[in-house]
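Here is the structure we will look at.
Residue numbers (my numbering): 3 to 347.
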């Protein structure tokens, strides 16, 4: 039981830090480097987001182990815990903080540059000429692109900052706790008042809490750490949760059920009752009939349609099929006669 709870605690810490780092890296690539993350980044994220935590848990359990250190709660032991847990966690947390603030710095730089941009718009006569590079982006265009990405990713930014702040606070508190415990183990005289009080009280530790302040972390700090860790799941639900996620999980769950347990399409209560009562007439009741009067329509391309690349077919012109008269030969002596100039004085 202790091993399972300790492993889950370490897995939650590792996964929270790694996925926050990957989310911050994705946002940094999109905003600062204009990289469109796609399938390759998704595969890399899945491999790193689950592979590195599993590797870290294996190293922590093999070289340090877990034990009951905080009442009924199991946690990693102090031996080699800095090398196999706290330092790697703080490295990824620090990298996440650096990427996040670098992204924010770039956004501020772009915003300030857009304020000094003299061009009011990229449309109209201010369009870039052919001689300029296609990759040249005005400050106003960059600001619009950054603002659009931030509007879509602000929830991810918020959850990254929350989780990283919790992890850093968690790491500092428990590293300090380990150092205090090790200092007491090396110098037992630090716990002399605590031991004397326990002897005088007959082992009742509730009467000696005032003498334990120098050898343990105070209760308020530990309670704050536990509360912040418990709130991470709630923050994830509110910031990253979508109704479509629940609908997708329901559809996935229903798709694995037997066909007899799936909910059939509802027509009406009377139809369902008549179907069970008289199965022979179930097909002809309301809209349950399988016979369909639908006719498949076919589209015939007109001969003079210009929707396709081919040229329209032109039919030959025959004079005999029209009402036009054939051209008559002119009589001799009438070549220079002008009909409009006749009978004029």
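Cβ atoms here follow ideal geometry from the backbone N, Cα and C, with glycine treated the same way. Because the structure is a prediction, the values reported are computed rather than measured.
Which residues share a DSSP beta bridge with residue i?
i	result
residue 69	77
I believe residue i touches residue j by the beta-carbon criterion, under 8 angstroms. Please report the beta-carbon distance rounded to the nearest angstrom.
i	j	result
residue 13	residue 55	6 angstroms
residue 16	residue 59	7 angstroms
residue 68	residue 8	3 angstroms
residue 77	residue 11	7 angstroms
residue 112	residue 148	5 angstroms
Out of the options, which one is the CA nearest neighbour of residue i?
i	options	result
residue 79	61, 114, 144, 96	61
residue 44	66, 65, 64, 21	21
residue 5	235, 64, 19, 25	64
residue 235	109, 47, 168	168
residue 48	202, 147, 23, 35	23
residue 216	53, 228, 178, 19	178
residue 175	85, 226, 194	226
residue 151	108, 29, 19	29
residue 142	210, 109, 159	109
residue 223	155, 157, 171, 255	171
residue 159	18, 26, 3	26
residue 81	181, 189, 201	181
residue 237	164, 206, 207	164
residue 102	57, 155, 199	155
residue 173	53, 83, 35	83
residue 35	46, 144, 57, 53	144
Work out the CA separation of residue j and residue i for me, nearest whole Å.
i	j	result
residue 33	residue 40	15 angstroms
residue 242	residue 233	14 angstroms
residue 125	residue 251	Residue placement at residue 125 is flagged as unreliable, the pLDDT there being 45, under the threshold of 50; a coordinate-derived value is accordingly withheld.
residue 219	residue 162	27 angstroms
residue 212	residue 197	12 angstroms
residue 71	residue 230	19 angstroms
residue 94	residue 105	16 angstroms
residue 51	residue 74	29 angstroms
residue 115	residue 246	39 angstroms
residue 187	residue 193	9 angstroms
residue 195	residue 228	28 angstroms
residue 97	residue 166	10 angstroms
residue 157	residue 18	15 angstroms
residue 204	residue 210	11 angstroms
residue 254	residue 248	10 angstroms
residue 190	residue 184	10 angstroms
residue 290	residue 239	Bear in mind that a pLDDT of 44 at residue 290, under 50, signals an unreliable position, so the model cannot answer this.
residue 200	residue 66	31 angstroms
residue 38	residue 260	41 angstroms
residue 117	residue 153	19 angstroms
residue 107	residue 42	27 angstroms
residue 31	residue 57	26 angstroms
residue 258	residue 3	31 angstroms
residue 206	residue 53	46 angstroms
residue 46	residue 214	48 angstroms
residue 140	residue 256	51 angstroms
residue 202	residue 208	12 angstroms
residue 146	residue 221	48 angstroms
residue 285	residue 244	Legend: pLDDT at residue 285 = 48, less than 50; position of this residue unreliable, no value from coordinates given.
What are the boundary residues of the alpha helix (DSSP H) that includes residue i?
i	result
residue 212	No alpha helix (DSSP H) contains residue 212, which DSSP labels as neither H nor E.
residue 90	89-117
residue 20	4-34
residue 220	Element bounds for residue 220: n/a, residue is neither H nor E.
residue 173	141-188
residue 194	194-202
residue 39	No alpha helix (DSSP H) contains residue 39, which DSSP labels as neither H nor E.
residue 254	245-257
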